[in-house]
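First comes the structure, then the notes that go with it.
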Amino acid sequence: MLTLAALVTGTGAGFAATTTPSATPVATHAFGIAPATATATAPTPSFQGTLPAPTGPYAAGEDVIHLTDASRPDPWVPSSGPRQLTVTMVYPAVPGTGTPAPYMTLAEAAGVIQHRKMPASSGVTPQNLSSVTTHAFDGARPQHGKHPLVVLSPAYEDPRMVLTSLATDLASHGYVVALVGHTYEDSGETLANGQTPPCAICDDPALDFDSVAASRALDVSFVIDRLTHGNTAWRLAHLIDKHEIGMAGHSLGGAAAATTMIADPRVRAGVNMDGTFHPAPMPGQINRPFLMLGAAVNHAPGGDDYTVWEQAWAALGGYKKWLTVAGADHFSFSDLDLLLEEGGFPTPPLSPERGVVITREYVTAFFDQTLKGIHSPLLDGPSPNNPEVVFQY
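Letter by letter, the sequence shown follows residues -16 to -1, 1 to 377 of mature numbering (1 follows the signal peptide of the UniProt record, and there is no 0).
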């Protein structure tokens, strides 16, 4: 998933990303504070996070739904019973309606802080992390009509909420978005019973990521089933055009997008954001549109993950693009670098704001072209407005 290793320490906050030595490195990341440099009298900073506002004509409405797949025991903790999932639905809404949605529950925020070993001196608390401004609105009145569905899958160890900036922007441009939390695979998702179980697989050095991607594909197909068939699980399911479905994922979520497309023909277009494929698709398996969008340090020639992407590129049979972003790191494609910056932590050469802008613009353009049939010149070649973005092919 991640091929960038960095450890930053200094007089203030530090950001750490480490890799597990293996053929397919795995990311862990933490808000960290350099020890021994602050005095006992130094004031504790107070974190206040704000995600960028969506750029489309609609507001972003939000609902959180809970699903149980009675046909499938949980793959990681079978003793917990059937697979339970928490999904955030983000949808095109009427501006000025609804109430501001929290970024995550207090228990989910506490899970992030505990999983990432964030010290109290960071100033990040469950209260201020959960209350990051999202520009999504609970109970907002939906726009009329039917809209394509885009499923989003986060990185391994990351909760679903870290793709909120992308979700709200897609909704503002006329997409219904399903942000899927993959239970027991991250710092914690609050389930229907109010429990927020921690990661059950994060410390397994022998974890088979092909199996995790395959399990996520089952999660996603089940979510699509519950949103598009029969007695649907969401009160606004009538907004979904079930014939126009796409999926995007970050890191392992990007691998899961490819795995899901191989298994489920309903997913008509896919996006892998800076993820190693687990496994790389074989020729003939994906003949539908696919976008590979990654950090240049990982996915340009000479990058640690270049060979795997080259193998996947050769196998893809439909409309396809391979774009790299100069100066980006693994977390430029999620909310994380932006929140790190707002917390006073070091960030990559590419500004976190630019990372969000680029991710939003190119993912939206790709789905506009492949699900809505709206041609986007942005995908035709290099753009003077986005000099960081290189078309590898």
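Every residue, glycine too, gets a C-beta built ideally from N, C-alpha and C.
Starting from residue i, trace the beta strand (DSSP E) both ways and give me its first and last residue.
{"i": "residue 344", "result": "Note, residue 344: premise wrong, no beta strand (DSSP E); alpha helix (DSSP H) at 336 to 355."}
{"i": "residue 279", "result": "274 to 279"}
{"i": "residue 49", "result": "43 to 57"}
{"i": "residue 256", "result": "251 to 257"}
{"i": "residue 306", "result": "304 to 309"}
{"i": "residue 122", "result": "120 to 122"}
{"i": "residue 75", "result": "66 to 77"}
What do you reckon, are the CB atoms on residue i and residue j nearer than 9 Å?
{"i": "residue 332", "j": "residue 318", "result": "no"}
{"i": "residue 45", "j": "residue 124", "result": "yes"}
{"i": "residue 143", "j": "residue 165", "result": "yes"}
{"i": "residue 176", "j": "residue 134", "result": "no"}
{"i": "residue 256", "j": "residue 287", "result": "no"}
{"i": "residue 377", "j": "residue 297", "result": "yes"}
{"i": "residue 322", "j": "residue 340", "result": "yes"}
{"i": "residue 31", "j": "residue 106", "result": "yes"}
{"i": "residue 326", "j": "residue 33", "result": "yes"}
{"i": "residue 275", "j": "residue 310", "result": "no"}
{"i": "residue 207", "j": "residue 69", "result": "yes"}
{"i": "residue 121", "j": "residue 77", "result": "yes"}
{"i": "residue 29", "j": "residue 98", "result": "no"}
{"i": "residue 251", "j": "residue 204", "result": "yes"}
{"i": "residue 260", "j": "residue 281", "result": "no"}
{"i": "residue 172", "j": "residue 91", "result": "yes"}
{"i": "residue 258", "j": "residue 312", "result": "yes"}
Which term fits residue i, buried or exposed, when burial requires 16 or more other beta carbons within 10 angstroms of its beta carbon?
{"i": "residue 254", "result": "buried"}
{"i": "residue 337", "result": "exposed"}
{"i": "residue 365", "result": "exposed"}
{"i": "residue 129", "result": "exposed"}
{"i": "residue 21", "result": "With a pLDDT of only 37 at residue 21, under the threshold of 50, the placement of this residue in the model should not be trusted; the figure read from the coordinates follows. The residue in question, residue 21, is exposed, as its Cβ has fewer than 16 Cβ neighbours within 10 Å."}
{"i": "residue 10", "result": "Its pLDDT being 37, under 50, residue 10 is placed unreliably in this model, and the value from its coordinates should be taken loosely. Per the 10 Å Cβ criterion, buried."}
{"i": "residue 67", "result": "buried"}
{"i": "residue 56", "result": "exposed"}
{"i": "residue 359", "result": "exposed"}
{"i": "residue 210", "result": "buried"}
{"i": "residue 227", "result": "exposed"}
{"i": "residue 230", "result": "buried"}
{"i": "residue 371", "result": "exposed"}
{"i": "residue 157", "result": "buried"}
{"i": "residue 83", "result": "exposed"}
{"i": "residue 149", "result": "buried"}
{"i": "residue 352", "result": "buried"}
{"i": "residue 195", "result": "exposed"}
Thinking residue i and residue j are a contact (beta carbons under 8 Å), I'd like their distance in whole angstroms, please.
{"i": "residue 53", "j": "residue 73", "result": "Residue 53 to residue 73, Cβ: 17 Å. No contact."}
{"i": "residue 225", "j": "residue 40", "result": "Contact doesn't hold; Cβ gap of about 17 Å is too wide."}
{"i": "residue 314", "j": "residue 349", "result": "The Cβ separation is near 22 Å, so there is no contact."}
{"i": "residue 49", "j": "residue 218", "result": "5 Å"}
{"i": "residue 299", "j": "residue 266", "result": "6 Å"}
{"i": "residue 35", "j": "residue 140", "result": "Not quite, the Cβ-Cβ distance comes to about 22 Å (not below 8 Å), so this is no contact."}
{"i": "residue 295", "j": "residue 264", "result": "5 Å"}
{"i": "residue 89", "j": "residue 216", "result": "In fact, because the Cβ distance is near 24 Å, the residues do not count as touching under 8 Å."}
Grab the span of the alpha helix (DSSP H) containing residue i for me, first residue to last.
{"i": "residue 203", "result": "193 to 212"}
{"i": "residue 324", "result": "320 to 326"}
{"i": "residue 243", "result": "236 to 247"}
{"i": "residue 114", "result": "110 to 114"}
{"i": "residue 90", "result": "90 to 99"}
Beta-carbon within less than 6 Å of residue i's beta-carbon, same chain only, minus the 5 sequence neighbours each way: which residues are those?
{"i": "residue 374", "result": "308"}
{"i": "residue 197", "result": "239, 240, 243, 262"}
{"i": "residue 37", "result": "119"}
{"i": "residue 58", "result": "64, 67"}
{"i": "residue 284", "result": "308"}
{"i": "residue 273", "result": "253, 302, 303, 354"}
{"i": "residue 112", "result": "31"}
{"i": "residue 23", "result": "Here the model assigns residue 23 a pLDDT of 39, short of 50, so the residue's position is not dependable, and the following value carries that caveat. Within the same chain, residue 23 has no close Cβ partners at all."}
Less than 7 Å between C-beta atoms, sequence neighbours within five positions excluded: which residues of the same chain meet that for residue i?
{"i": "residue 223", "result": "75, 126, 130, 131, 160"}
{"i": "residue 185", "result": "60, 168, 169, 191"}
{"i": "residue 115", "result": "86, 87"}
{"i": "residue 202", "result": "56"}
{"i": "residue 342", "result": "309, 370, 372, 373"}
Please work out which residues of its chain come closer than 8 Å, Cβ to Cβ, to residue i, disregarding the five sequence neighbours upstream and downstream, and give them in chain order.
{"i": "residue 290", "result": "282, 283, 284"}
{"i": "residue 80", "result": "43"}
{"i": "residue 270", "result": "242, 245, 246, 254, 299, 300, 301, 302"}
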